[in-house]
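Heads up: the sequence shown begins at 369 in my numbering, then just goes up one per residue.
Yeah, the Cβ is synthetic: ideal placement off N, Cα and C, and Gly gets one too.
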Amino acid sequence: MLMTDLSSAPIGRRRVLVAGSAAAAAIGIAGATTAAARPEAASTADTATTAAGTVDAAAICTLTKELTEGPYYLDHALVRSNVTEDKAGVPLQLALTVVDTATCAPLNKALAEIWYCDALGEYSGFVGNNGHQEPDNGRFLRGGVLTGTDGVANLTGIYPGWYRGRCVHIHLKVHTGVTLTSDGSFTGGNEIHTGQLFFDEKITEAVAKVSPYSTNTVPRTPLSSDGIYGNGGTAAGLLAVTALGSTPSAGYRATLTVGVDPDA
Numbered sequence: 369m370l371m372t373d374l375s376s377a378p379i380g381r382r383r384v385l386v387a388g389s390a391a392a393a394a395i396g397i398a399g400a401t402t403a404a405a406r407p408e409a410a411s412t413a414d415t416a417t418t419a420a421g422t423v424d425a426a427a428i429c430t431l432t433k434e435l436t437e438g439p440y441y442l443d444h445a446l447v448r449s450n451v452t453e454d455k456a457g458v459p460l461q462l463a464l465t466v467v468d469t470a471t472c473a474p475l476n477k478a479l480a481e482i483w484y485c486d487a488l489g490e491y492s493g494f495v496g497n498n499g500h501q502e503p504d505n506g507r508f509l510r511g512g513v514l515t516g517t518d519g520v521a522n523l524t525g526i527y528p529g530w531y532r533g534r535c536v537h538i539h540l541k542v543h544t545g546v547t548l549t550s551d552g553s554f555t556g557g558n559e560i561h562t563g564q565l566f567f568d569e570k571i572t573e574a575v576a577k578v579s580p581y582s583t584n585t586v587p588r589t590p591l592s593s594d595g596i597y598g599n600g601g602t603a604a605g606l607l608a609v610t611a612l613g614s615t616p617s618a619g620y621r622a623t624l625t626v627g628v629d630p631d632a
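In structure tokens:
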């Protein structure tokens with residue numbers, strides 16, 4: 369049975385703060401999208417200030433509510449930086465900086481967990497829901513990594529595909545206080561944020577022409593028509609994306625500073 373997460377209703381009452389690419393640069397994240405891909409970046413860059421590594425939160429931080437978890441989450445994700453496994457696709461480097469909402473200070477040892485669909489729009493553990501048949505090990509494109517003292521979580525995968533009714537996106541949870549387990553997973557802790565990460569439509573259009581994305585038979589919903597993103601810009605999780613080469617096949621680096629309430 370086909371499953372889609374079309375509900376745009378926020379979940380819970382926890383707050384989440386997302387700072388633009390200027391904040392990312394201020395606390396150690398390199399790379400930002402162009403003004404065409406991120407028009408709001410030009411306005412925020414002027415107001416970002418730093419002093420001894422701190423960030424002027426009032427100038428650059430935007431508060432927003434969490435986004436729906438959707439139907440494809442699986443517990444006990446592996447703690448690993450590379451979630452690709454054997455999935456073909458355009459390389460993606462993802463750098464997320466987790467910060468405290470009150471101060472924008474980096475949050476150490478927070479686990480940033482991601483999960484998303486492959487180029488054909490299939491989630492591990494649910495293969496077939498998007499109309500494509502392929503091996504399903506219940507693991508691909510799922511995992512998480514602990515942030516360092518700089519608050520940064522570096523993850524590697526492929527550019528996401530799409531499934532019916534949704535634009536291209538990556539799901540995100542942030543946990544604190546987790547215990548790593550001997551089987552490579554984690555247990556316990558507090559789940560302090562559930563959200564989604566989004567990509568500029570022009571980049572997705574270019575990737576969609578590359579195999580195996582071009583073989584995805586399901587119509588793609590553009591970012592502007594997605595009921596969950598809702599044209600929310602950076603505040604809703606729009607990533608700052610830079611190309612790693614001269615063609616889409618070379619891959620991309622995507623960054624975002626995600627602020628959470630550690631006491632939520």
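Three-way DSSP call (helix, strand, coil) for residue i in this model
i, result
"L442", "coil"
"A470", "coil"
"G506", "coil"
"P590", "coil"
"Y318", "Residue coverage of the chain in this structure runs from 369 to 632, which leaves residue 318 outside it and unanswerable."
"G361", "Since the first and last residues shown for the chain are 369 and 632, residue 361 lies out of range."
"P459", "strand"
"E481", "strand"
"I596", "coil"
"A416", "At A416, the pLDDT of 31 sits below 50, so the modelled position is not reliable; the number obtained from the coordinates is stated separately. Of the three classes helix, strand and coil, the one that applies to A416 here is coil, per DSSP."
"T452", "coil"
"A487", "coil"
"E573", "helix"
"A632", "coil"
Distance CB(residue i)-CB(residue j) smaller than 8 Å
i, j, result
"L446", "S553", "yes"
"A478", "T524", "no"
"L460", "Y597", "no"
"H539", "N558", "no"
"L464", "V628", "no"
"N498", "V609", "no"
"A480", "V451", "no"
"C485", "Y441", "no"
"E434", "G563", "yes"
"G655", "N584", "Outside the displayed span of the chain (369 to 632) sits residue 655, for which this structure offers no information."
"G613", "I526", "no"
Assigned exposure category for residue i - 16 Cβ within 10 Å defines buried
i, result
"K570", "exposed"
"P616", "buried"
"L606", "buried"
"V536", "buried"
"H500", "buried"
"P528", "buried"
"A618", "exposed"
"H561", "buried"
"N599", "exposed"
"G511", "buried"
"G720", "With the chain running from 369 to 632 in the structure shown, residue 720 is simply not present."
"L548", "exposed"
"K541", "buried"
"A622", "buried"
"T602", "buried"
"D443", "exposed"
Cβ-heavy atom distance, residue i to the ligand MG, below 7 Å
i, result
"G512", "This structure does not include the ligand MG; it has no bound ligands of any sort."
Opposing strand residues paired with residue i [DSSP bridges]
i, result
"F566", "H537 and L606"
"T517", "None, per the DSSP bridge assignment."
"T465", "V520 and T625"
"F554", "L548"
"C447", "The question names Cys, yet the displayed sequence has Val at residue 447. According to DSSP, V447 bridges with G512."
"E437", "Paired residue(s): none; E437 is not in a bridge."
"G525", "L460"
Pair every Cβ in the stretch 504-520 with every Cβ in the stretch 563-579, then say whether three or more of these pairs are closer than 8 Å.
-> No: the two stretches stay apart, fewer than three of their Cβ pairs being nearer than 8 Å.
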